[in-house]
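Okay, structure first, notes after.
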Amino acid sequence: MGKMSKKVAGITLAGAVAISSLGISTMKEDVQAKDKKKEPTNVIMMVMDGTSTGATTLSRWYKGDNLAMDEMLSGGMRTYSAESAITDSAPAATALATGNKSNDKFVGVLPTIVNSPGLDPVNPKNAHKPVANVLEGAKQAGKATGIISTSEIQHATPAGFSAHVTHRSNYGDIAEQQVYQGIDVVLGGGKESLLPGKTKNARIDGENLLEVLDDDKYDFVETRDEPPNRIKFGEALHQAPWHMI
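Be aware that the sequence shown starts at 890, since it is given in my numbering, and climbs by one per residue.
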């Protein structure tokens, strides 16, 4: 058998193994949640930004077992936006947090353009209209709320649960809304957008949001060496070791 034939045979064998393995994987697995309470006392929603079912499936194959997430209530969503088959984090977070499809770069507001199949057209009068997110609903229901992010808290995904802007890069507006939302706990990067300055994401309106937080009796924690009565939190990603609680 020549080299080419051996390669083809190898590929065919590998394909057969993969297909037979996939056939086995279609059998129903008995995966049960650890806590079977009928109604949850509290809800923690974890968003693995940019993670598709392909990534989690590959992780299970690599591990050779179920993942920790399989013991929890988990699900997916259709990831197209109101105008594109490939979504941006901003409308994706908006869909998760509000139940509404939106446009590229839009956070927590209704779209201006709707051309994806299966969606109703938007009334021009409602374009850019803010829509309530799940944290705002929880607040109205008397629940404590919080956001934890490995990025700046003004980043598109956490912003989708805490702000309403027409462009995800409006960190100043997002930061201001997050501070005045009355969220109980916020952990992540993003101090730059809370203070006036000349850096890229610093405030240009002169408002010092750290003073607002202090007036509202928030503790502001920046290092691991804070007093023991305060929450300690490691450095965030993206060169932004700033943490607000």
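Each residue gets a CB set at the ideal place from its N, CA and C atoms; glycine is no exception.
Secondary structure note for Leu985: its alpha helix (DSSP H) is the uninterrupted segment 978 to 987. The residue among Gly1035, Ile1036, Phe1050, Ser1038 with its C-alpha nearest the C-alpha of Asn1022 is Phe1050.
The C-beta of Lys1089 has fewer than 16 other C-beta atoms within 10 Å across all chains shown, which makes the residue exposed. As the crow flies, the alpha-carbon of Lys994 is around 15 Å from that of Thr987.
In this structure, the straight-line span from the alpha carbon of Leu1098 to that of Ala971 is close to 34 Å. Within the DSSP secondary-structure output, Arg1092 pairs in a beta bridge with Pro1085. Counted as a single uninterrupted DSSP element, the beta strand (DSSP E) harbouring Ser1040 occupies residues 1035 to 1041. Residue burial annotation: Leu1083 is buried, with at least 16 other C-beta atoms found within 10 angstroms of its C-beta. Judged by DSSP secondary structure, Leu1102 falls within the alpha helix (DSSP H) whose first and last residues are 1098 to 1104. Rounded to the nearest whole angstrom, the C-alpha separation of Gly965 and Leu1102 is 35 Å.
Counted as a single uninterrupted DSSP element, the beta strand (DSSP E) harbouring Leu1076 occupies residues 1074 to 1078. Membership of Lys952 in the alpha helix (DSSP H) is indicated by the continuous run 942 to 952. In terms of Cα proximity to Lys1080, the closest of Asp1073, Ile1072, Gly1071, Glu1065 is Glu1065. In the displayed model, Val996 falls within a strand according to three-state DSSP. Excluding the 5 residues flanking it on each side, Asn992 has same chain C-beta neighbours closer than 8 Å at Ser970, Ala971, Glu972, Pro980, Pro1000, Thr1001, Ile1002, in chain order.
DSSP places Val1068 within a helical segment (H, G or I) once states are collapsed to three.
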